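Student:
2 protein chains.
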Amino acid sequence: MSLRPVGTVALIGLGLIASSIAWSAKRAGQTRITGYDISPEVRETARRIGLCDQVCDTPADAVAEADLVILCVPVGAMGRVAEAVCPYLKPGAILSDVGSVKGSVIEAVTPFVPAGVDFIPAHPLAGTEHSGPEAGFAGLFDNRWCLIVPTQGTRPESTAALRAFWESLGANVDEMDAQHHDLVLAVTSHTPHLIAYTMVGVADDLRRVTDSEVIKYSAAGFRDFTRIAASDPTMWRDVFLSNKEATLEILGRFTEELFALQRAIRQGDGEHLHAYFTRTRAIRRGIIEAGQDTDAPDFGRGGAARK
Amino acid sequence: MSLRPVGTVALIGLGLIASSIAWSAKRAGQTRITGYDISPEVRETARRIGLCDQVCDTPADAVAEADLVILCVPVGAMGRVAEAVCPYLKPGAILSDVGSVKGSVIEAVTPFVPAGVDFIPAHPLAGTEHSGPEAGFAGLFDNRWCLIVPTQGTRPESTAALRAFWESLGANVDEMDAQHHDLVLAVTSHTPHLIAYTMVGVADDLRRVTDSEVIKYSAAGFRDFTRIAASDPTMWRDVFLSNKEATLEILGRFTEELFALQRAIRQGDGEHLHAYFTRTRAIRRGIIEAGQDTDAPDFGRGGAARK
Numbered sequence: 356m357s358l359r360p361v362g363t364v365a366l367i368g369l370g371l372i373a374s375s376i377a378w379s380a381k382r383a384g385q386t387r388i389t390g391y392d393i394s395p396e397v398r399e400t401a402r403r404i405g406l407c408d409q410v411c412d413t414p415a416d417a418v419a420e421a422d423l424v425i426l427c428v429p430v431g432a433m434g435r436v437a438e439a440v441c442p443y444l445k446p447g448a449i450l451s452d453v454g455s456v457k458g459s460v461i462e463a464v465t466p467f468v469p470a471g472v473d474f475i476p477a478h479p480l481a482g483t484e485h486s487g488p489e490a491g492f493a494g495l496f497d498n499r500w501c502l503i504v505p506t507q508g509t510r511p512e513s514t515a516a517l518r519a520f521w522e523s524l525g526a527n528v529d530e531m532d533a534q535h536h537d538l539v540l541a542v543t544s545h546t547p548h549l550i551a552y553t554m555v556g557v558a559d560d561l562r563r564v565t566d567s568e569v570i571k572y573s574a575a576g577f578r579d580f581t582r583i584a585a586s587d588p589t590m591w592r593d594v595f596l597s598n599k600e601a602t603l604e605i606l607g608r609f610t611e612e613l614f615a616l617q618r619a620i621r622q623g624d625g626e627h628l629h630a631y632f633t634r635t636r637a638i639r640r641g642i643i644e645a646g647q648d649t650d651a652p653d654f655g656r657g658g659a660a661r662k
Numbered sequence: 356m357s358l359r360p361v362g363t364v365a366l367i368g369l370g371l372i373a374s375s376i377a378w379s380a381k382r383a384g385q386t387r388i389t390g391y392d393i394s395p396e397v398r399e400t401a402r403r404i405g406l407c408d409q410v411c412d413t414p415a416d417a418v419a420e421a422d423l424v425i426l427c428v429p430v431g432a433m434g435r436v437a438e439a440v441c442p443y444l445k446p447g448a449i450l451s452d453v454g455s456v457k458g459s460v461i462e463a464v465t466p467f468v469p470a471g472v473d474f475i476p477a478h479p480l481a482g483t484e485h486s487g488p489e490a491g492f493a494g495l496f497d498n499r500w501c502l503i504v505p506t507q508g509t510r511p512e513s514t515a516a517l518r519a520f521w522e523s524l525g526a527n528v529d530e531m532d533a534q535h536h537d538l539v540l541a542v543t544s545h546t547p548h549l550i551a552y553t554m555v556g557v558a559d560d561l562r563r564v565t566d567s568e569v570i571k572y573s574a575a576g577f578r579d580f581t582r583i584a585a586s587d588p589t590m591w592r593d594v595f596l597s598n599k600e601a602t603l604e605i606l607g608r609f610t611e612e613l614f615a616l617q618r619a620i621r622q623g624d625g626e627h628l629h630a631y632f633t634r635t636r637a638i639r640r641g642i643i644e645a646g647q648d649t650d651a652p653d654f655g656r657g658g659a660a661r662k
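Here the protein sequences line up with chains F and D, keeping their order.
If you're matching positions, the first sequence starts at 356 in our numbering and goes up one per residue.
If you're matching positions, the second sequence starts at 356 in our numbering and goes up one per residue.
#1: Taking the beta carbon of F/S399 as the centre, do at least 16 other beta carbons fall within 10 Å, making it buried, or is it exposed?
#2: Which residues, in order along the stretch 593-607 of chain F, keep a beta-carbon less than 7 Å from a beta-carbon of chain D?
#3: Measuring only between beta-carbons, confirm whether D/M554 sits less than 8 Å from chain F.
#4: For chain F, check one thing: does any of its Cβ atoms lie closer than 8 Å to the Cβ of D/L480?
#5: Tell me the DSSP secondary structure of F/S486 in three-state form.
#6: From the DSSP output, read off the bridge partner residues of D/D452.
#7: What does the alpha-carbon distance come out to for the pair D/Y552 and D/R403?
#8: To the nearest angstrom, how far is it from the Cα of D/V428 to the Cα of D/A419?
#9: Taking the beta strand (DSSP E) that D/L502 falls in, what are its first and last residues?
#10: Contact check, F/V555 vs F/T581 under 8 Å by CB: the rounded distance?
#11: The stretch 628-640 of chain F: which residues have C-beta closer than 9 Å to a C-beta of chain D, in chain order?
#12: Measuring only between beta-carbons, confirm whether F/L549 sits less than 8 Å from chain D.
#13: Where are the beta strand (DSSP E) runs, 3 residues long or more, that stay fully inside the stretch 359-425 of chain D, in chain order?
#14: If the cut is a Cβ gap below 7 Å, which residues of chain F does D/T581 touch?
#15: By the three-class DSSP mapping on this structure, what secondary structure does F/D579 have?
#16: What does D/P588 touch in chain F if you count any residue whose Cβ is under 7 Å from its own?
#17: CB-CB under 6 Å to D/A383, same chain, minus the five flanking residues each way: which ones, in chain order?
#18: Using a Cβ cut-off of 8 Å, pull out every chain D residue sitting near F/W500, in sequence order please.
#19: Within the same chain, show all residues whose beta-carbon is closer than 6 Å to that of F/I388, passing over the 5 residues directly before and after it, in chain order.
#20: From D/G434 to D/V464, what distance separates their C-alpha atoms?
#21: In the DSSP assignment, find the unbroken beta strand (DSSP E) run with D/D532 in it and report its ends.
#22: F/H545 lies in the beta strand (DSSP E); which residues open and close that run?
#23: Answer yes or no: do F/L596 and D/G625 have a C-beta to C-beta separation smaller than 8 Å?
#24: Considering only C-alpha positions, which residue in the set D/L628, D/G362, D/N598, D/G623 is nearest to D/E612?
#25: My assumption, with CB atoms under 8 Å, is that D/A585 sits in contact with F/R518. Please give the rounded CB distance.
#26: Is there contact here, the stretch 524-540 of chain D with the stretch 490-500 of chain D, by at least three beta-carbon pairs under 8 Å?
#27: What is the residue span of the alpha helix (DSSP H) that F/P511 lies within?
#28: Can you tell me whether DSSP reads F/F614 as helix, strand or coil?
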């Protein structure tokens with residue numbers, strides 16, 4: 356292979372995803388990791404837990420030697436961070452990111468990318484509801500997808516090197532264009548998150564009426580929603596503002612369908628409901644067959660073995 | 356204690372909940388379990404896996420000796436099943452159920468309850484997305500709530516006996532009235548389920564456009580939804596038709612809140628979004644503190660240990 360070796364990786368922003376990249380790369384064994392975070396406290400924590408080979412106090416130091424620089428900050432901060440980092444990139448380096456939205460990140464970052472540097476946006480489809488430098492772990496990307504969105508003029512060998520890096524972290528890699536990525540994510544991730552946030556907010560209103568009953572009796576469905584709705588507020592604010600069009604489109608479809616089901620309930624149309632629920636059950640089977648989840652009964656119980 | 360001992364329990368309908376009651380009672384050790392299901396195949400399966408001490412071919416045989424009879428059928432079938440079972444109840448027996456809606460079940464069952472029998476509706480807040488006699492397991496009710504809804508004229512000692520039975524299965528027990536139960540469940544369970552069904556249906560429409568990408572790249576949020584939306588279609592159809600008023604009320608609040616968030620996205624109101632998401636994150640902490648879930652990162656990954 357004529358891959359440029361990814362000898363040193365710089366992680367800019369040391370939250371859940373960056374710390375999981377660091378531990379996963381350490382597990383894979385070949386890569387030197389440098390890191391930077393704008394927060395002195397986060398840098399201190401990262402040093403304390405031994406997160407990177409070197410935690411630097413400036414972005415310039417962190418990226419100076421790096422073959423691959425990954426921006427691991429909220430989508431809304433990508434432009435600012437790219438501006439701070441780009442002047443110090445090594446010629447021939449690859450610049451990438453892990454943002455949940457790709458169109459707006461490309462728009463924000465591209466103006467700062469120097470000649471001789473390939474900017475290849477990426478998005479690992481993995482996460483937990485926790486955040487911060489201590490939330491990461493080596494297995495986060497195992498058998499998860501990482502979507503790579505090569506921009507115009509990217510050298511194929513750079514894309515291949517980034518792909519190899521993500522595969523070394525345990526991920527499966529696919530490529531797609533930014534617009535398509537943002538639509539797919541709007542339906543599989545962004546809109547479901549917004550809905551979960553909304554439902555948890557509604558329950559909170561009711562909780563004020565009925566004391567803590569809603570929390571006390573939160574059944575499986577609602578517990579799953581609260582888990583989703585516990586994700587990082589800044590990250591998700593930026594996602595919705597950055598993927599506005601696709602999210603609003605999917606939300607429009609969602610409310611349309613919801614109103615149809617609501618009408619079926621009001622009219623007592625059991626056939627419509629049963630047919631709809633039977634169809635969604637089949638979709639679940641498709642997901643299990645695609646290997647994206649297991650068939651073990653879980654339903655908000657944390658997956659503990661229970662037989 | 357002056358509790359009437361619950362020596363024999365009859366389970367009518369042998370699905371996920373009944374089979375979990377049977378295994379949990381066997382684990383507790385004191386109770387004899389008889390069972391009946393309208394489906395000969397289900398009875399055959401129940402016999403094959405040794406689910407009850409005796410699987411009977413008629414409801415009359417199943418309930419003849421029973422101190423406690425639990426109707427474990429979809430909410431919409433409770434009336435029919437009560438009609439079939441009630442003539443054979445032992446004097447002094449307790450009749451109960453496990454339906455997710457209480458108002459409509461009380462309305463449907465009460466006309467058939469003979470004098471000398473206490474009808475005490477109940478609802479264990481536990482389940483998985485699987486169904487059928489082979490889906491049950493002994494730990495399903497451990498540390499989960501079972502809500503008991505005593506009807507007018509119920510003897511206190513009968514309520515105490517039913518409470519003791521559920522506690523012997525591992526559950527915590529609370530009492531409330533039917534109307535309040537149906538409202539609390541509308542917000543914690545019924546509406547979240549409807550929303551999950553809807554979102555999965557929307558994704559399915561999009562899947563037809565983009566092949567299997569939606570399934571392939573289903574991120575954590577969406578996987579949780581599909582798990583919820585895989586639940587038994589008949590059970591859920593009946594829930595929505597039987598808890599119509601409360602579900603429609605909560606759905607109304609939900610769409611109101613969703614439209615407010617949608618408007619914030621359209622207008623780029625990041626402050627509104629961030630404040631909302633911060634609030635829902637705090638609710639999640641309340642649930643963890645109430646002991647209804649763990650803090651382990653899960654997010655649709657089945658809770659496998661990953662550090």
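Quick reminder that beta carbons are idealized off the backbone N, C-alpha and C, glycines included.
Just so we're clear, the structure is a prediction, and the values are computed from it rather than from any experiment.
Tutor: Quick answer:
#1: Reading the first sequence from its first residue, position 44 is the one you call residue 399 of chain F. One point to set straight first is that residue 399 of chain F is Glu, not Ser, in the sequence displayed. That one is exposed.
#2: F595, L596, K599, T602, L603, I605, L606
#3: Taking the first residue of the second sequence as position 1, residue 554 of chain D is located at position 199. Interface residue, yes.
#4: Counted from its first residue, the second sequence places residue 480 of chain D at position 125. At least one chain F Cβ lies under 8 Å of D/L480.
#5: Position 131 of the first sequence, counting from 1, holds the residue named residue 486 of chain F. Three-state result, F/S486: coil.
#6: What you label residue 452 of chain D is simply residue 97 of the second sequence in a count that begins at 1. DSSP, once it has assigned bridges, lists D/L426 as partnering D/D452.
#7: Within the second sequence, numbered from 1, the residue matching residue 552 of chain D stands at position 197. Within the second sequence, numbered from 1, the residue matching residue 403 of chain D stands at position 48. Their backbone Cα atoms lie some 34 Å apart in a straight line.
#8: The sequence position of residue 428 of chain D within the second sequence is 73, counting from 1. The sequence position of residue 419 of chain D within the second sequence is 64, counting from 1. If you take the alpha carbons of D/V428 and D/A419, they lie about 19 Å apart.
#9: Position 147 of the second sequence, counted from the first residue, corresponds to residue 502 of chain D. First-last of the beta strand (DSSP E) with D/L502: 500-503.
#10: Reading the first sequence from its first residue, position 200 is the one you call residue 555 of chain F. Reading the first sequence from its first residue, position 226 is the one you call residue 581 of chain F. Between F/T581 and F/V555 the Cβ distance is about 5 Å, and since that is below 8 Å, they are a contact.
#11: L628, H629, A630, Y631, F632, T633, R634, T635, R636, A637, I638, R639, R640
#12: Position 194 of the first sequence, counting from 1, holds the residue named residue 549 of chain F. Yes, its Cβ sits closer than 8 Å to a Cβ of chain D.
#13: 363-367, 387-391
#14: In the second sequence, residue 581 of chain D corresponds to position 226, counting from 1. Ordered by position in chain F, the residues that pass the 7 Å Cβ test against D/T581 are I638, R639, I642.
#15: In the first sequence, counting from the first residue as 1, residue 579 of chain F sits at position 224. If DSSP states are grouped into helix, strand and coil, F/D579 belongs with the helices.
#16: On the second sequence, position 233 is the one that residue 588 of chain D refers to. Within chain F, the residues near D/P588 are H629, F632, T633, R636.
#17: Along the second sequence, read from residue 1 onward, the residue named residue 383 of chain D stands at position 28. Same-chain partners within the cutoff: S523.
#18: Reading the first sequence from its first residue, position 145 is the one you call residue 500 of chain F. Neighbours of F/W500 on chain D, chain order: K571, Y572.
#19: Start at 1 with the first residue of the first sequence, and residue 388 of chain F comes out as number 33. Only V364, A377, A380, C407, D408 meet the Cβ criterion.
#20: Here residue 434 of chain D is taken as the residue at index 79 of the second sequence, counted from 1. Here residue 464 of chain D is taken as the residue at index 109 of the second sequence, counted from 1. Looking at the two C-alpha atoms, the distance is approximately 5 Å.
#21: Here residue 532 of chain D is taken as the residue at index 177 of the second sequence, counted from 1. Here D/D532 belongs to no beta strand (DSSP E), and DSSP marks it neither H nor E.
#22: Residue 545 of chain F sits at position 190 when you count from the first residue of the first sequence. First-last for F/H545: undefined, no H or E at that position.
#23: Here the question's residue 596 of chain F lines up with position 241 in the first sequence. Here the question's residue 625 of chain D lines up with position 270 in the second sequence. Yes.
#24: The sequence position of residue 612 of chain D within the second sequence is 257, counting from 1. The residue with the shortest Cα to Cα distance from D/E612 is D/L628.
#25: Counted from its first residue, the second sequence places residue 585 of chain D at position 230. Counted from its first residue, the first sequence places residue 518 of chain F at position 163. About 33 Å separates the two Cβ atoms, so there is no contact after all.
#26: yes
#27: Residue mapping note: residue 511 of chain F aligns to position 156 of the first sequence, counting from 1. Its alpha helix (DSSP H) spans residues 511-523.
#28: Indexing the first sequence from 1 puts residue 614 of chain F at position 259. Reduced to three states, the DSSP call for F/F614 is helix.
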